[in-house]
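Line by line, the protein sequences are chains A and B. Counting in the numbering used here, the first sequence runs from 70 upward without gaps. Counting in the numbering used here, the second sequence runs from 593 upward without gaps. Each residue gets a CB set at the ideal place from its N, CA and C atoms; glycine is no exception. Only one structure is covered here, and it is reproduced in the block below.
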Amino acid sequence: MAIVVKRPKLKWYEQLYLPALAKGLRVTMGHFFNLLSGKTKVTMQYPEEKWDANLPEYYRGAPALVTDEQQRERCVACQLCEFICPPRAITIKPEEIPSEDRWAKVEKRPKTFDINMIRCIYCGLCEEVCPEQAIYLRKDYAITGTSREEMIHDKQKLYEIGGVREGLVNKWNKLK
Amino acid sequence: MDWYIILAATIKIVVFVFLVTLPLVAMSVWAERRVSAAIQDRVGPNRVGPAGLLQPVADGIKFLLKEDFTPNHVRKSFYWLAPALTMIPSLLTCAVIPFGSQLFGEKMVIADLDVGPLFVFAVASLTVYGIVLAGWASNSKYPFLGSVRSTSQMISYEISLGLSIVPLLMIYGELNLGRIVMEQAQNGWALLPLWGEGLSVKGWLLAVPLFISFIVFTTSMFAETNRLPFDLPECETELVAGYHTEYSSMKFALFFLGEYAAMIIGSGLAVTLFFGGWSLPFGWLTPESLDAEVPFWHGLIHIGVFFGKVILFIIFFIAVRWTLPRFRYDQLMKLGWVVFFELALANVILTALLLMWLK
Numbered sequence: 070m071a072i073v074v075k076r077p078k079l080k081w082y083e084q085l086y087l088p089a090l091a092k093g094l095r096v097t098m099g100h101f102f103n104l105l106s107g108k109t110k111v112t113m114q115y116p117e118e119k120w121d122a123n124l125p126e127y128y129r130g131a132p133a134l135v136t137d138e139q140q141r142e143r144c145v146a147c148q149l150c151e152f153i154c155p156p157r158a159i160t161i162k163p164e165e166i167p168s169e170d171r172w173a174k175v176e177k178r179p180k181t182f183d184i185n186m187i188r189c190i191y192c193g194l195c196e197e198v199c200p201e202q203a204i205y206l207r208k209d210y211a212i213t214g215t216s217r218e219e220m221i222h223d224k225q226k227l228y229e230i231g232g233v234r235e236g237l238v239n240k241w242n243k244l245k
Numbered sequence: 593m594d595w596y597i598i599l600a601a602t603i604k605i606v607v608f609v610f611l612v613t614l615p616l617v618a619m620s621v622w623a624e625r626r627v628s629a630a631i632q633d634r635v636g637p638n639r640v641g642p643a644g645l646l647q648p649v650a651d652g653i654k655f656l657l658k659e660d661f662t663p664n665h666v667r668k669s670f671y672w673l674a675p676a677l678t679m680i681p682s683l684l685t686c687a688v689i690p691f692g693s694q695l696f697g698e699k700m701v702i703a704d705l706d707v708g709p710l711f712v713f714a715v716a717s718l719t720v721y722g723i724v725l726a727g728w729a730s731n732s733k734y735p736f737l738g739s740v741r742s743t744s745q746m747i748s749y750e751i752s753l754g755l756s757i758v759p760l761l762m763i764y765g766e767l768n769l770g771r772i773v774m775e776q777a778q779n780g781w782a783l784l785p786l787w788g789e790g791l792s793v794k795g796w797l798l799a800v801p802l803f804i805s806f807i808v809f810t811t812s813m814f815a816e817t818n819r820l821p822f823d824l825p826e827c828e829t830e831l832v833a834g835y836h837t838e839y840s841s842m843k844f845a846l847f848f849l850g851e852y853a854a855m856i857i858g859s860g861l862a863v864t865l866f867f868g869g870w871s872l873p874f875g876w877l878t879p880e881s882l883d884a885e886v887p888f889w890h891g892l893i894h895i896g897v898f899f900g901k902v903i904l905f906i907i908f909f910i911a912v913r914w915t916l917p918r919f920r921y922d923q924l925m926k927l928g929w930v931v932f933f934e935l936a937l938a939n940v941i942l943t944a945l946l947l948m949w950l951k
């Protein structure tokens with residue numbers, strides 16, 4: 070059944086429309102002057118003000134490789150992250166560690182490790198899947214470039230972002 | 593000394609129209625965006641120049657550099673003519689508005705016509721043709737509907753606009769805007785008769801019909817300039833962009849500028865007729881008569897006062913735009929033909945009776 074909406078009967082001064090205009094202007098001008106006097110907090114002025122200090126521990130920014138406390142690269146080129154990466158942003162070419170190397174017993178390391186930041190969706194699956202705790206999502210979020218080539222992070226760039234991570238990290242704690 | 597008159601007029605035209613009004617148009621676009629942002633608790637454009645003041649320049653460059661696309665299905669001649677026809681009348685009306693008292697012994701009005709308001713209405717009504725041509729030549733449904741709406745709206749509201757100032761003309765017995773302003777400067781503004789001869793029972797009684805005519809005039813002005821409570825010709829929700837849907841680049845900008853120029857001239861006219869034009873309140877710094885010598889700095893102050901008032905009025909325009917919802921079309925027509933037309937007519941009679949009684 071159709072519902073008949075009852076329209077309120079307006080008083081004569083309400084029909085004049087001008088009091089409504091004054092009321093409306095009071096609301097809008099209130100907002101206007103509150104903003105001018107700085108009472109209203111508006112959005113962050115992004116390039117000048119940044120929220121970097123308040124980013125949470127579990128923030129998922131750019132993925133990066135880390136070295137351990139002995140400067141050894143943690144990645145053993147198992148290619149699990151390449152395999153799980155949903156947008157296939159990661160490309161790894163493994164190589165054998167030569168026997169005279171100090172870490173020869175590790176056997177494998179990545180020859181090249183490229184993450185295409187145009188494809189990366191910051192899902193963090195690479196971090197979760199990594200058995201060696203070698204890849205982490207850091208807090209860098211403004212990844213920009215003027216060409217496609219610039220947007221592919223190679224191994225050197227990834228270690229630059231990642232830096233050193235000491236000790237074991239419990240990745241599957243409450244926050245993760 | 594013909595060359596002197598021509599030179600003075602040329603300087604006044606160049607300075608007043610091209611160096612003041614057009615930048616004011618650009619600035620009012622900026623003000624519109626900043627004020628609307630502030631009303632909605634946003635920031636608005638604040639990147640280009642200090643506080644975003646150069647934003648209009650950036651916009652202008654953008655408009656000039658954009659592709660000037662003419663669709664295949666349009667009538668080219670009319671399509672090209674329409675933007676100019678909306679822009680030019682708006683600027684032409686600048687001619688009769690007195691924007692100051694005197695500077696170097698020269699009256700600060702481009703053309704000291706004795707039929708000022710009539711000239712403004714006559715020329716301003718030509719903007720309808722621009723909109724009609726734009727809608728018709730675009731040969732597509734939304735511009736057509738927009739221009740039809742705009743035309744009927746402007747024709748309807750022109751009647752109440754013209755009638756609304758009749759009481760004012762009756763009271764001052766004058767059609768020369770310069771002399772109307774002078775009268776107001778000496779004897780109290782039309783809406784604020786607080787000094788001179790205005791401060792009397794007669795002055796206050798006559799302020800009643802003037803107040804009514806101010807309301808009718810301002811509202812009709814909103815309708816004439818297609819501003820928000822009456823912006824049906826270009827309501828985005830129904831008509832995409834109304835009559836300028838098919839326009840791009842500088843031709844679109846001309847419509848845009850024409851609209852804002854009309855708003856500024858409307859504000860200028862309202863200020864001239866109802867708020868004493870270039871005069872300060874309480875007769876401060878008012879010259880003895882129209883032809884009396886005015887010191888240089890008084891003249892400058894008068895010009896500043898005029899533009900200050902116009903800017904306040906523009907901010908009022910903007911605030912109203914971001915406050916009120918749009919009228920339905922039948923409500924708009926009803927308001928124009930049933931309420932304002934009758935109100936303006938009754939107001940004329942009321943003024944006549946008051947004048948007869950108070951004589």
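(Q) Please tell me whether residue 101 of chain A has its Cβ less than 8 Å away from any Cβ of chain B. (A) Within the first sequence, numbered from 1, the residue matching residue 101 of chain A stands at position 32. For residue 101 of chain A, the answer is yes, since a Cβ of chain B falls inside 8 Å of its Cβ.
Q. Between residue 857 of chain B and chain A, is there a C-beta pair that is closer than 8 Å?
A. On the second sequence, residue 857 of chain B is found 265 positions in, with the first residue counted as 1. At a cut-off of 8 Å between beta-carbon atoms, residue 857 of chain B makes no contact with chain A.
Q) Shorter than 8 Å from the beta carbon of residue 651 of chain B to some beta carbon of chain A? A) Within the second sequence, residue 651 of chain B is the residue found at index 59, counting from 1. For residue 651 of chain B, the answer is no, since every Cβ of chain A falls outside 8 Å of its Cβ.
Q.
Any contact between the stretch 927–939 of chain B and the stretch 737–754 of chain B? By contact I mean 3 or more CB pairs, one from each, below 8 Å.
A. yes
Q. So, helix, strand or coil for residue 819 of chain B, using DSSP?
A. In the second sequence, counting from the first residue as 1, residue 819 of chain B sits at position 227. Looking at residue 819 of chain B - three-state DSSP - the assignment turns out to be coil, as it is neither helix nor strand.
Q: Within 10 angstroms of the Cβ of residue 823 of chain B, are there 16 or more other Cβ atoms? Answer buried if so, exposed if not.
A: For the purposes of this step, residue 823 of chain B is taken as the residue at position 231 of the second sequence. So residue 823 of chain B counts as buried.
Q) Are any of the Cβ atoms in chain B nearer than 8 Å to that of residue 94 of chain A? A) Position 25 of the first sequence holds residue 94 of chain A. Yes, contact with chain B.
**Q.** Proximity to residue 948 of chain B [Cα-Cα], best of B:777, B:842, B:666 and B:794
**A.** Along the second sequence, one-based indexing puts residue 948 of chain B at 356. Here the closest residue by C-alpha is B:794.
Q. Is the Cβ of residue 124 of chain A closer than 8 Å to any Cβ of chain B?
A. For the purposes of this step, residue 124 of chain A is identified with residue 55 of the first sequence, where counting begins at 1. Put simply, the CB of residue 124 of chain A is far from chain B, with every gap to its CB atoms at 8 Å or more.
Q: Apply the 10 Å Cβ neighbour rule to residue 901 of chain B and answer buried if 16 or more other Cβ atoms are within range, or exposed otherwise.
A: Counting from one through the second sequence, the residue named residue 901 of chain B turns up at place 309. Here residue 901 of chain B is buried: its Cβ has 16 or more other Cβ atoms, across all protein chains shown, within 10 Å.
Q.
residue 717 of chain B and residue 757 of chain B - do their beta-carbons sit closer together than 8 Å?
A. Here residue 757 of chain B refers to the residue found at position 165 of the second sequence. Here residue 717 of chain B refers to the residue found at position 125 of the second sequence. The answer is no: Cβ separation not under 8 Å.
**Q.** Buried or exposed (CB count within 10 angstroms, at least 16 for buried), residue 906 of chain B
**A.** Position 314 of the second sequence, counting from 1, holds the residue named residue 906 of chain B. Buried, because 16 or more other Cβ atoms sit within 10 Å of the Cβ of residue 906 of chain B.
Q) With 8 Å set as the bound, which would you pick, yes or no: does the beta-carbon of residue 113 of chain A sit closer than that to a beta-carbon of chain B? A) Position 44 of the first sequence, counted from the start, is the residue given in the question as residue 113 of chain A. No, because no Cβ of chain B sits closer than 8 Å to the Cβ of residue 113 of chain A.
Q: Just the C-alpha distance for residue 953 of chain B and residue 191 of chain A, rounded to the nearest angstrom, thanks.
A: Coverage of chain B is limited to positions 593 through 951, which leaves residue 953 of chain B absent and any answer about it impossible.
Q | Selected residue, minimal CA-CA separation from residue 740 of chain B, among B:834, B:847, B:898 and B:637 | A | Residue numbering aside, residue 740 of chain B sits at position 148 when the second sequence is read from its first letter. Out of B:834, B:847, B:898 and B:637, B:834 has the C-alpha closest to the C-alpha of residue 740 of chain B.
Q. Over what stretch of residues does the beta strand (DSSP E) that includes residue 181 of chain A continue unbroken?
A. Start at 1 with the first residue of the first sequence, and residue 181 of chain A comes out as number 112. Segment 177–185, the beta strand (DSSP E) holding residue 181 of chain A.
Q) Who are the neighbours of residue 918 of chain B on chain A, taking C-beta pairs under 7 Å? A) Numbered from its first residue, the second sequence carries residue 918 of chain B at position 326. Identification of chain A residues near residue 918 of chain B by a Cβ-Cβ cut-off of 7 Å yields none; the smallest Cβ-Cβ distance measures about 13 Å.
Q: Along the alpha helix (DSSP H) that carries residue 133 of chain A, what are the first and last residues, could you check?
A: Along the first sequence, read from residue 1 onward, the residue named residue 133 of chain A stands at position 64. Per DSSP, residue 133 of chain A lies in no alpha helix (DSSP H) segment; the continuous beta strand (DSSP E) that holds it begins and ends at 132–134.
Q | Unbroken stretches of the beta strand (DSSP E), 3 residues or longer, contained in the stretch 694–782 of chain B | A | none
Q | Cα-Cα separation between residue 614 of chain B and residue 903 of chain B, rounded to whole angstroms | A | Here residue 614 of chain B refers to the residue found at position 22 of the second sequence. Here residue 903 of chain B refers to the residue found at position 311 of the second sequence. Rounded to whole angstroms, residue 614 of chain B to residue 903 of chain B spans 13 Å at the Cα level.
Q: Can you give me the Cβ contacts of residue 234 of chain A inside the same chain, cut-off strictly under 6 Å, excluding the 5 residues immediately before and after it?
A: Working through the first sequence from its first residue, we reach residue 234 of chain A at position 165. These residues qualify, in order along the chain: 135.
Q) For residue 673 of chain B, which residues of its own chain have a beta-carbon under 7 Å away from its beta-carbon, when the five flanking residues on both sides are left out? A) Within the second sequence, numbered from 1, the residue matching residue 673 of chain B stands at position 81. If we look at residue 673 of chain B and ignore the five residues flanking it on each side, its Cβ neighbours are 725.
Q) Going along chain B, which residues have a C-beta under 9 Å from residue 109 of chain A? A) By 1-based counting over the first sequence, the position of residue 109 of chain A is 40. By Cβ distance, chain B contributes 630 and 633.
Q) What's the call for residue 104 of chain A, buried or exposed, on a 16-neighbour Cβ count within 10 Å? A) Start at 1 with the first residue of the first sequence, and residue 104 of chain A comes out as number 35. Looking at its Cβ environment, which holds 16 or more other Cβ atoms inside 10 Å, residue 104 of chain A is buried.
Q.
Considering only their Cβ atoms, is the gap separating residue 682 of chain B from residue 857 of chain B smaller than 8 Å?
A. Your numbering for residue 857 of chain B matches position 265 in the second sequence. Your numbering for residue 682 of chain B matches position 90 in the second sequence. Closer than 8 Å, so yes.
**Q.** Partners in chain A for residue 914 of chain B, counting only beta-carbon separations shorter than 8 Å
**A.** Along the second sequence, one-based indexing puts residue 914 of chain B at 322. Going along chain A in sequence order, the residues near residue 914 of chain B (Cβ under 8 Å) are 97.
Q) Using a beta-carbon distance below 8 Å, is residue 79 of chain A in contact with chain B? A) What you label residue 79 of chain A is simply residue 10 of the first sequence in a count that begins at 1. Not closer than 8 Å to any Cβ of chain B, the Cβ of residue 79 of chain A fails to qualify, so no.
Q) In chain A, what lies closer than 9 Å to residue 601 of chain B by C-beta? A) Position 9 of the second sequence, counted from the start, is the residue given in the question as residue 601 of chain B. Contact note: residue 601 of chain B does not reach chain A at a C-beta cutoff of 9 Å; the least C-beta distance is about 40 Å.
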